[in-house]
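Asks: Have a look at the structure that comes next, please.
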Amino acid sequence: EKGGYPHFMLKEIYEQPKSISDCFRGRLNASTGHLLLGGLREYANKMVNADRIVIIACGTSWHAGLVAEYIFEEFCRIPVEVEYASEFRYRNPVIKEGDVVIAISQSGETADTLAAIELAKSKGAVIFGVCNVVGSSIARATHEGAYTHAGPEIGVASTKAFTAQITVLSMMALMIAQRRGTISERRYHEMLVELETIPAKVEKALALNAQIEQISEIFKDATNFLYLGRGYNFPVALEGALKLKEISYIHAEGYPAAEMKHGPIALIDENMPVVFIATKDSSYEKVVSNIQEVRARKGRVIAIVTEGDTLIPSMAEFTIEVPATDEALMPLVSVVPLQLLSYHIAVMRGCNVDQPRNLAKSVTVE
Ligand code: M6R
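Residue numbers (full-length UniProt numbering): 247 to 612.
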C-alpha cells in the first residue's frame, strides 16, 4: 500500500508530479488556452466582481491560503484576507455583500473550518470550497467548490495536498484575472504554459533527495531551526517550519525574511540552522542581505536557490538548487526540498513520521 516506500509521507512527496498533473486534468491545456474549473459556475461571476476575498483554513491549508493571497492580489487585483478558521469563527467577523469566501481543507472535516463556514454562511456569504476528500463535510457545506484530486493523503503531515491546493487556487486566480481583465493575454498564456511545466520541475526537485539526506544527517541533532523567505516564499518558510515541528519534534519557526531584524536575529549563533528560501525573484537581493546578516552572526545557512545561482553558494554553507519558474508558482517547487528535509531528519531521529505524537490527520474537535 505504500508502493514500496518506507512511509506514506515519502510516497506522497514523490507523488506530487502526478498529483499536480491530476489536478490539471480536464481543466488546463496551455496549448489551446483552455482553463476551466467545473465547480466555478455562478460563483465565478461573484468572484469576478468581488470587492474582497476572505480565505479560511487551518494549518498547512492556511499556508496554501497565504500563497493564494499573493496570487489573487497580484493577478486579480482583489484584496485578500487569510484567516485562521479558529479565530474567524469567534470574532464576529465583518462579512459584506461583495465579499467572497474560500475555505481550504484537505480532509474536509476540520471542525474549526466547518464552523467558520457555517458562520460566514449565516452572514450571507457564498462559500467556495477547495477540498481533497470527495463528499467530505466541508465539500457538502460549501456552495460550490473545486476538488484538488491529489488522491488519499495518509501521512499526518500534509504534502501533496498542499501543492494541489496551490495548483487549484492558481488556476482559479488566472481564470478570474482573465475575466476581470487584470492580466494581459500574453502573461496569461505564459502562466498557463509555466503551470504545465511544474510537474517536471517538481520531479527535478525530487531528484535532490540524496543531497538533502546528507544535509539532514548534519543537522538532525539541532534543537531549533529558523526558516526565512520573502514574498511568495514566505508561506513556504512557514510550511517548512511546520513540517519539521510536526514530524521531528524540533522547534522551528518560519518568518518573513525581512522581519528577522525585528526579533529572531537575537537567536542566531553558531548553533542555529537557518533555512533560506532564496530563489531568484523580486526580493532576491534583499534576501541575500539577510543571508549575509546571518553569516555575520555565525548562523548555519542552508539555502534553497534557483539553478545556476553563483552568489548564494559563495555565502551559504549548503545550497540546494531548484529549477527556475515564475515567482508566483515557485512555492510548488521550493516546498519540495523542505518536505524532504523534514522527512529525513524525522526518520534519522527515529520518529513516527506518518503518525506523529499528539496529532491526528483530521482535527474534528476544536
Ligand atoms: O484537513 P485540513 O486541510 O482542514 O487540515 C488542516 C490542518 O489540520 C492540517 O493542515 C495540519 O496542519 C497538518 N497536520 C499539516 O501537516
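Glycine residues also receive a C-beta, built at the ideal position from the N, C-alpha and C atoms.
Mapping DSSP to helix, strand and coil, what is Glu492?
Replies: Correct three-state label for Glu492: helix.
Asks: In this structure, how does DSSP classify Glu431 when only helix, strand and coil are distinguished?
Replies: Looking at Glu431 - three-state DSSP - the assignment turns out to be helix.
Asks: Helix, strand or coil: which one does DSSP assign to Cys322?
Replies: DSSP places Cys322 in helix when its eight states are reduced to three.
Asks: Quick one: is Tyr316 buried, meaning 16 or more other Cβ sit within 10 Å of its Cβ, or exposed?
Replies: It is buried - the Cβ of Tyr316 has at least 16 other Cβ atoms within 10 Å.
Asks: At what residues does the beta strand (DSSP E) containing Leu472 begin and finish?
Replies: Leu472 -> beta strand (DSSP E) spans 470-475.
Asks: Ala562 and Glu581 - do their beta-carbons sit closer together than 8 Å?
Replies: A small correction: the amino acid at residue 581 is Val; Glu does not occupy that position in the sequence shown. The answer is no: Cβ separation not under 8 Å.
Asks: Since Tyr393 is in the beta strand (DSSP E), which residue starts that stretch and which ends it?
Replies: 390-393 is the extent of the beta strand (DSSP E) around Tyr393.
Asks: Is any heavy atom of ligand 1 found at a distance shorter than 7 Å from the C-beta of Thr610?
Replies: No, the beta carbon of Thr610 sits no closer than 7 Å to any heavy atom of ligand 1.
Asks: Is the beta carbon of Val345 sitting closer than 8 Å to the one on Arg298?
Replies: The question names Val, but residue 345 is Asp in the sequence shown. Cβ distance < 8 Å, so Asp345 and Arg298 count as in contact.
Asks: To the nearest angstrom, report how far apart Asn470 and Thr359 are at their CA atoms.
Replies: Between Asn470 and Thr359, the C-alpha separation is close to 30 Å.
Asks: Taking Cβ positions, are Ile591 and Leu490 nearer each other than 8 Å?
Replies: In this structure, Leu490 lies closer than 8 Å to Ile591 by Cβ.
Asks: Say yes only if the C-beta of Ser332 is nearer than 7 Å to one or more non-hydrogen atoms of ligand 1, and no if none qualify.
Replies: Outside the cutoff, so no.
Asks: Quick one: grab the DSSP three-state call for Tyr251.
Replies: Looking at Tyr251 - three-state DSSP - the assignment turns out to be coil, as it is neither helix nor strand.
Asks: Leaving out five residues on either side along the sequence, give the residues of the same chain with a beta carbon under 7 Å from the beta carbon of Lys526.
Replies: Result list for Lys526: Thr552, Asp555, Ala570, in chain order.
Asks: Ligand 1 and Val448: does the residue's C-beta get closer than 7 Å to at least one heavy atom of that ligand?
Replies: Result no, Cβ not under 7 Å from ligand 1.
Asks: For the 8 Å Cβ check, are there 3 or more pairs between the region 399-416 and the region 337-352?
Replies: Contact between the region 399-416 and the region 337-352 is present, because at least three Cβ pairs lie under 8 Å.
Asks: With hydrogens ignored, establish whether the beta-carbon of Ala504 is closer than 7 Å to any heavy atom of ligand 1.
Replies: No.
Asks: Does DSSP put Ala498 in a helix, a strand or coil?
Replies: It is a strand residue.
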